[in-house]
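Visitor: If you read the sequence shown in my numbering, its first letter stands for residue 9, the second for the next number, and so on.
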Amino acid sequence: MDLLALRLGEPERLPRQQAVREAFLKDARPVGGADLLQLSPADLETLFGLCDAAFFAGELGRRCGSTLQFSLNRSLRTSAGVTRWNRRTGEKSIEIAADLLKRSFRKKGEPQLVNGLPCADRLAAMTRVFEHELCHLAEILERDRSSCRGRPFKG
9 MDLLALRLGE
19 PERLPRQQAV
29 REAFLKDARP
39 VGGADLLQLS
49 PADLETLFGL
59 CDAAFFAGEL
69 GRRCGSTLQF
79 SLNRSLRTSA
89 GVTRWNRRTG
99 EKSIEIAADL
109 LKRSFRKKGE
119 PQLVNGLPCA
129 DRLAAMTRVF
139 EHELCHLAEI
149 LERDRSSCRG
159 RPFKG
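1. Can you give the Cα-Cα distance for Pro119 and Gly57, rounded to whole angstroms?
2. Rounded to whole angstroms, what is the Cα-Cα separation between Gln26 and Ala132?
3. Could you tell me the distance, in whole angstroms, from the CA atom of Gly163 to the CA atom of Val122?
4. What residue range does the alpha helix (DSSP H) around Glu20 cover?
5. At which residues does the beta strand (DSSP E) containing Leu11 begin and terminate?
6. Is the separation between the beta-carbon of Gly89 and that of His140 shorter than 8 Å?
7. Between the C-alpha atoms of Leu145 and Gln77, what's the straight-line distance to the nearest angstrom?
8. Output the boundary residues of the beta strand (DSSP E) element that contains Thr86.
9. Please return the same chain residues whose Cβ sits closer than 6 Å to the Cβ of Ser154, not counting the five positions on each side in sequence.
10. Using the rule of at least 16 other Cβ atoms within 10 Å of the residue's Cβ for burial, across every protein chain shown, is Glu30 buried or exposed?
11. Reducing DSSP to helix, strand and coil, say where Gly163 ends up.
12. Could you pull the start and end residues of the beta strand (DSSP E) that Ser101 belongs to?
13. Let me check understanding here. Comparing Cα to Cα, which of Ser112, Val137, Ile104 and Arg111 lies closest to Pro49?
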């Protein structure tokens, strides 16, 4: 499976995103609902499994195996997420700036743009950031490199 060949239009993408959201809120441990007040790395791992199944047919998890870790990064100030890769060890990590996401939704009901898409709450915003980081991960797995300026992020 060519992970970078995946191109979903809105009619295909939106139902998958909604299914991921519903499953996360139903099956994940209590995270404080869509406000994500009690988010943990285990929740990111749950979200990974849901997104991987919905968008990549589980291929990301199969290729990464145990080399992929998840964490909440309190030091990220300008980026809501980052994907790291150690070429020497093969270890990969996805880090989410939960504090930055929490500060982004101060007024209830006021949507925020995340990766160019309106998000009504923190869960939607985190999921868009996470999807972006999964694109980085797919690019690392396919090409041994990744950049936001690269083709998968521009069209």
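Where a beta carbon is used, it is the ideal one built from N, C-alpha and C, also for glycine. For clarity, every value in this text was computed on a predicted model and none was experimentally measured.
Guide: This is what the structure gives:
1. The residue labelled residue 119 in the question sits at position 111 within the sequence shown. The residue labelled residue 57 in the question sits at position 49 within the sequence shown. About 26 Å.
2. Here residue 26 is taken as the residue at index 18 of the sequence shown, counted from 1. Here residue 132 is taken as the residue at index 124 of the sequence shown, counted from 1. Spanning the two alpha carbons is a distance of roughly 9 Å.
3. Within the sequence shown, residue 163 is the residue found at index 155, counting from 1. Within the sequence shown, residue 122 is the residue found at index 114, counting from 1. Legend: pLDDT at Gly163 = 47, less than 50; position of this residue unreliable, no value from coordinates given.
4. The residue given as residue 20 occupies position 12 in the sequence shown. Per DSSP, Glu20 belongs to the alpha helix (DSSP H) from Glu18 to Asp35.
5. As a first step, residue 11 is located in the sequence shown; it is residue number 3 there, counting from the start. No beta strand (DSSP E) contains Leu11, which DSSP labels as neither H nor E.
6. Numbered from 1 along the sequence shown, position 81 holds the residue referred to as residue 89. Numbered from 1 along the sequence shown, position 132 holds the residue referred to as residue 140. When the beta-carbon positions are compared, Gly89 and His140 come within less than 8 Å of each other.
7. Here residue 145 refers to the residue found at position 137 when the sequence shown is read from its first residue. Here residue 77 refers to the residue found at position 69 when the sequence shown is read from its first residue. So the alpha carbons of these two residues sit roughly 12 Å apart.
8. Position 78 of the sequence shown, counted from the start, is the residue given in the question as residue 86. Taken as a continuous stretch (DSSP letters only), Thr86 belongs to no beta strand (DSSP E), as it is neither H nor E.
9. Locating residue 154 in the sequence shown gives position 146, counting from the first residue. Closer than 6 Å at Cβ, skipping near neighbours: His144, Glu147 and Ile148.
10. Your numbering for residue 30 matches position 22 in the sequence shown. With a threshold of 16 other beta carbon atoms within 10 Å, Glu30 falls short and is exposed.
11. In the sequence shown, the residue the question calls residue 163 occupies position 155. Because the pLDDT at Gly163 is just 47, under 50, the model does not fix this residue reliably, and the value given afterwards should be weighed accordingly. Gly163 falls in the coil class under three-state DSSP.
12. As a first step, residue 101 must be located in the sequence shown, where it is residue number 93. Element bounds for Ser101: Lys100 to Ile104.
13. Looking up residue 49 in the sequence shown gives position 41. Considering only alpha carbons, the answer is Ile104.
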